[in-house]
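For reference, the structure discussed in these notes is given below.
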Amino acid sequence: MYKAMFYGTIGDRQFIENTCKGTPSYNLCLSILLANPKSQNANLTGLALIIVDGVKNEGVKTLQQIDSLKKSLPELTAALMQCGDVYNTIIHVDVPLTINALNLGNPKFGEDGMADITIESQTCERSFKEHGQTSPLTNMNKDMKDVANVGRAIIRMLL
Ligand SMILES: *[C@@H]1O[C@H](CO)[C@@H](O)[C@H](O)[C@H]1NC(C)=O
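Per the UniProt record's numbering: the sequence shown = residues 1 to 159.
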């Protein structure tokens, strides 16, 4: 349905809003897309790429937070290391895989990449519970999951 509606449309505010309405987080989607001037001329693939860029930014930010928490809360080191693995995978595997898939016109693999991220962010969250600790990354893990789900929804419109 979305593909038929949007394919080939020139990117503009209405197109961006309509695209975001098809995602689980309208406001988040809109704020990421409108913050990037490239969204003005982007087709649906272009909008998906901007969200994937947002996923990457979120991942870099979280990885920096993980590094600083390792110093301030050394008792959380084991769980934080697991989260470091998770976020490195997101940045260095899932994001490039998704970008490649979109650039090669193979959105199904891109959807898989985004789906992996929603699972991985929860793996990080759970690693604290497994150590009987409270997660200091709950908000960031949730943000990551939400952005990835927006990306996933837009990529689905391309399938
Ligand atoms: C859509 O945008 C992508 C990424 O910017 C570009 O590579 C592609 O050629 C565009 N597709 C069409 C049909 O204009």
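Backbone N, C-alpha and C fix where the C-beta goes; we use that ideal spot for every residue, glycine too.
Hey, is threonine 45 close to ligand 1, as in C-beta under 7 Å from one of its heavy atoms? yes
For residue 160, name the three-state secondary structure that DSSP assigns. What is shown of the chain runs 1 to 159, which leaves residue 160 out entirely.
Assigned secondary structure, aspartate 85 (DSSP; H/G/I helix, E/B strand, else coil): helix
The alpha helix (DSSP H) spanning leucine 44 covers which residue range? 44–72
Quick one: give me the first and last residue of the alpha helix (DSSP H) that isoleucine 91 is part of. Where isoleucine 91 is concerned, there is no enclosing alpha helix (DSSP H), given that its DSSP letter is neither H nor E.
What are the boundary residues of the alpha helix (DSSP H) that leucine 76 is part of? First-last for leucine 76: undefined, no H or E at that position.
So for glutamine 122, helix, strand or coil by DSSP? helix
If contacts are defined as beta-carbon pairs under 8 Å, then threonine 89 and glutamate 120 qualify, I think. What distance do you get, rounded to the angstrom? 6 Å
Here's a check: name, in chain order, each residue in its chain whose Cβ is nearer than 6 Å to the Cβ of aspartate 146, leaving out the five neighbours to either side. Ser25, Leu28
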